Amino acid sequence: MIISIMTNLEIATLLRKIAAAYQILEENRFKIIAYDRAADSIEHLTSETKDLWDNGKLDEIPGVGSGIAHYLDELFRTGKVKHFDDVMKRVPKGVFPLLSVPGLGPKKAHKLVTELRLKGAKDVVGALDAAAKAGKIAPIEGFGEKSQEDIISAIATYKRGQIKENRMELPVADAIAQEIMAHLKKHSAVVRVDALGSLRRKVSTVGDIDIAAATKKPEEVTLHFLDYPHQKLVEQGPGGATILLKNGRQVDLRVQRPDAYGAMLQYFTGSKHHNIKLRSYGLTKRKSLSEHGIKEVKTGSMRYFHTEEAFYKELGLPWIAPEMREDKGEIEAAQAGKLPKLVETQDIKGDLHIHTNYDLESSHDLGVDSLADHLTKAAELDYEYIGLSDHNPSITNHTENQIIDIMKRRKAKYEQLYSSWVKKVSRKCQMFVMCEVDILPDGKLALPEKAFEFVDAVIVSIHSSFTQDKKHMTDRIVRAVGAHPKVRILGHPTGRLLLKREGVNADWAAVFAACKKHDVALEINAYPSRLDLPDDLVFDALREGLRFCIDTDAHAVGQMEMMKYGVSVSRRGWATKGDIVNALGYNEFKDWLLKI
DNA sequence: GCCGTTTTCGGCCCGACTGTTTTCAGTCG
Numbered sequence: 001m002i003i004s005i006m007t008n009l010e011i012a013t014l015l016r017k018i019a020a021a022y023q024i025l026e027e028n029r030f031k032i033i034a035y036d037r038a039a040d041s042i043e044h045l046t047s048e049t050k051d052l053w054d055n056g057k058l059d060e061i062p063g064v065g066s067g068i069a070h071y072l073d074e075l076f077r078t079g080k081v082k083h084f085d086d087v088m089k090r091v092p093k094g095v096f097p098l099l100s101v102p103g104l105g106p107k108k109a110h111k112l113v114t115e116l117r118l119k120g121a122k123d124v125v126g127a128l129d130a131a132a133k134a135g136k137i138a139p140i141e142g143f144g145e146k147s148q149e150d151i152i153s154a155i156a157t158y159k160r161g162q163i164k165e166n167r168m169e170l171p172v173a174d175a176i177a178q179e180i181m182a183h184l185k186k187h188s189a190v191v192r193v194d195a196l197g198s199l200r201r202k203v204s205t206v207g208d209i210d211i212a213a214a215t216k217k218p219e220e221v222t223l224h225f226l227d228y229p230h231q232k233l234v235e236q237g238p239g240g241a242t243i244l245l246k247n248g249r250q251v252d253l254r255v256q257r258p259d260a261y262g263a264m265l266q267y268f269t270g271s272k273h274h275n276i277k278l279r280s281y282g283l284t285k286r287k288s289l290s291e292h293g294i295k296e297v298k299t300g301s302m303r304y305f306h307t308e309e310a311f312y313k314e315l316g317l318p319w320i321a322p323e324m325r326e327d328k329g330e331i332e333a334a335q336a337g338k339l340p341k342l343v344e345t346q347d348i349k350g351d352l353h354i355h356t357n358y359d360l361e362s363s364h365d366l367g368v369d370s371l372a373d374h375l376t377k378a379a380e381l382d383y384e385y386i387g388l389s390d391h392n393p394s395i396t397n398h399t400e401n402q403i404i405d406i407m408k409r410r411k412a413k414y415e416q417l418y419s420s421w422v423k424k425v426s427r428k429c430q431m432f433v434m435c436e437v438d439i440l441p442d443g444k445l446a447l448p449e450k451a452f453e454f455v456d457a458v459i460v461s462i463h464s465s466f467t468q469d470k471k472h473m474t475d476r477i478v479r480a481v482g483a484h485p486k487v488r489i490l491g492h493p494t495g496r497l498l499l500k501r502e503g504v505n506a507d508w509a510a511v512f513a514a515c516k517k518h519d520v521a522l523e524i525n526a527y528p529s530r531l532d533l534p535d536d537l538v539f540d541a542l543r544e545g546l547r548f549c550i551d552t553d554a555h556a557v558g559q560m561e562m563m564k565y566g567v568s569v570s571r572r573g574w575a576t577k578g579d580i581v582n583a584l585g586y587n588e589f590k591d592w593l594l595k596i
């Protein structure tokens, strides 16, 4: 029998279908929640469920207990689950596609499919659209004219959503938010402003921009917010307003009086899973949490909080950094007093991945600024050292000897440029001559052995053949990190481009083991469209004892400012200063880089 | 179906919003 290997997303989708079916079948509602929770949990795993099953570790998945584990076991052994099939049979098939339409849940979808007899329809969403436009929904019990219109517009939204997901890279959202927050702060009644949601948690991509303001004059501040240039006022109420900017981005403002600001900030920062866990934890202390404050279950009396610190303190917990609020064990760590002290941007002492405009006839793009400009910028940023990591000379256009010669001349040129720069400035910054070397499809490096003489160390990265299968890709990377003693950093390890390209498919545990063996640091590339290693893999790698190098991959002086986004990724992975090699001072870092 | 700083039994996050309803069910974040 051929057993297809289901991905985490496919398993999560299957569990959600079971949850939806149970909801229609009026099963115990906590059983439904359990299935949804297991689905969420599996969707966000960094390892494949199948691999965990292989190793007998299904019980390590939060929300998966003996029941669901038993069914997953059957799924992996036989390719299907009899019990799931039986449950699904009791619900018309057409229900499931409708669940993707905003506003339609299991109950409504079921009602519509049954009443409109959409069972056999090939394109259920299309058939529903047609029925709505023909006025067949309004007469159904529980629906009306308004819901009929809503369904038509929801289907339009759904179809648009199929084409393109409207998220933006973190720095884009950050820039927009900073500007609006600066605008808000100009109003004298504004006591405090903060970003909310995924933006505050520094998730690598952000949907809507949510901003909070503390004020005793909510109406005035909301009106001031509406002075900010926008194309459309979407919504306005006592709690704030929503506008659509000229660039099409949606911005929500929430206003709250200062003495109750803490609970609001906490609630709207999320994540949803963090909040759910926190509220469960609150209930064990007979405290009911909401965006308004904390209520004593016994007496019903409500307490309000100026700050998040006070809110968490009421629960007997220290404040938890927003980047950690993903229900990855942070609440348990807080209870145990074991929250890590996360790395901060000012801990960073150097940037090791910088491309200058020196033309070494490389296969990939050069930077636009000079070595001296980058050094000056580094000194400005208080860095003790930088690494020049231009791409290797192209191997198709040069012979080995030509490459060696280019690298030799480059080293001499950089040293000469460096000494003339040092003479001109009061503030020093040390330099390492490095190189970003391509990992070829077979795992060999695109720099001849003899050329390594002319570099202090190299970053190895994948820039081609991104779609190799898992085994080849894993072997390729493992081979590359051990290919030469001067390989010290694995550059943008997954190769993903946010919103554009998935990362490569590799066995990360094996890659991490190889990096650990050769003491190679994983890069956390701060370039906005990369943010690679992704935060969830940083979290995993950290548990394997790996260290990281946060770099900007700057191709222009200004881009060296992007370091903070790499730091955000590290913080989301729970990294401390001690986990980051370029948080070391010059001497220690040099010893590490040169393996002294 | 899951889970444990009150528990291996008896709980399970909370509130807003919406549309359809005279008191609530469904959906969402």
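Residue 333 in my numbering sits at position 333 of the first sequence; the count goes up by one each step and never skips. In this text, a Cβ means the ideal position worked out from N, Cα and C, and glycines have one as well. From a predicted model like this one, the values you see are computed outputs, not experimental measurements.
For residue i, three-class secondary structure by DSSP
i           : result
residue 51  : helix
residue 585 : coil
residue 280 : helix
residue 242 : strand
residue 82  : helix
residue 593 : helix
residue 303 : strand
residue 468 : coil
residue 230 : coil
residue 192 : strand
residue 254 : strand
residue 25  : coil
residue 44  : coil
residue 287 : strand
residue 550 : strand
residue 297 : coil
residue 339 : coil
residue 273 : helix
residue 381 : coil
residue 6   : coil
residue 575 : coil
residue 237 : strand
residue 210 : strand
residue 97  : helix
residue 215 : strand
residue 356 : coil
residue 331 : helix
residue 16  : helix
residue 536 : helix
residue 140 : coil
Test item: CB-CB of residue i and residue j under 8 Å
i           : j           : result
residue 238 : residue 218 : yes
residue 343 : residue 138 : no
residue 550 : residue 596 : no
residue 116 : residue 98  : no
residue 315 : residue 285 : yes
residue 375 : residue 435 : no
residue 393 : residue 360 : yes
residue 91  : residue 24  : yes
residue 459 : residue 506 : no
residue 132 : residue 151 : yes
residue 215 : residue 241 : no
residue 251 : residue 180 : yes
residue 386 : residue 329 : no
residue 503 : residue 495 : yes
Integer Cβ distance of residue i from residue j, believed to fall under 8 Å
i           : j           : result
residue 521 : residue 479 : That belief does not hold up - the Cβ atoms of residue 521 and residue 479 are roughly 18 Å apart, past 8 Å.
residue 211 : residue 193 : 6 Å
residue 75  : residue 61  : Contact doesn't hold; Cβ gap of about 14 Å is too wide.
residue 404 : residue 451 : 5 Å
residue 224 : residue 263 : Not confirmed; about 24 Å, so no contact.
residue 309 : residue 319 : 5 Å
task: Please go through the segment 484 to 534 and give each complete beta strand (DSSP E) segment of 3 or more residues, from N-terminal end onward.
output: Runs of the beta strand (DSSP E) inside the segment 484 to 534: 487 to 490 and 521 to 525.
message: Under 8 Å, with one C-beta from each stretch per pair, do the segment 228 to 240 and the segment 299 to 319 reach the 3-pair mark?
response: Segment contact: the segment 228 to 240 against the segment 299 to 319, fewer than three CB-CB distances shorter than 8 Å; contact not assigned.
message: Please give me, in chain order, every unbroken run of the alpha helix (DSSP H) with length at least 4 that falls completely inside the segment 101 to 136.
response: Here the runs fully enclosed are 106 to 115 and 124 to 133.
Within the segment 385 to 463, ranges of the beta strand (DSSP E) (whole runs, at least 3 residues): Within the segment 385 to 463, complete beta strand (DSSP E) segments of at least 3 residues are found at 385 to 388, 430 to 438 and 457 to 461, given in chain order.
message: Across the segment 389 to 404 and the segment 559 to 575, are there enough close Cβ pairs to call them in contact, namely three or more that are closer than 8 Å?
response: In short, these stretches do not touch, since the Cβ pair count stays below three.
message: Would the segment 511 to 520 count as touching the segment 534 to 548 if we require 3 or more Cβ pairs under 8 Å?
response: The answer is yes - the segment 534 to 548 touches the segment 511 to 520, with three or more Cβ pairs under 8 Å.
message: I'd like to know if the segment 43 to 59 and the segment 275 to 285 are in contact, where contact means that at least 3 CB-CB pairs between them fall below 8 Å.
response: Not touching, per the Cβ criterion.
query: Quick check: the segment 462 to 469 against the segment 436 to 445, are there 3 or more CB pairs under 8 Å?
result: These segments touch.
Three-pair Cβ contact test at 8 Å for the segment 100 to 107 versus the segment 152 to 161: Taking a contact to require three or more Cβ pairs closer than 8 Å, the segment 100 to 107 and the segment 152 to 161 qualify as touching.
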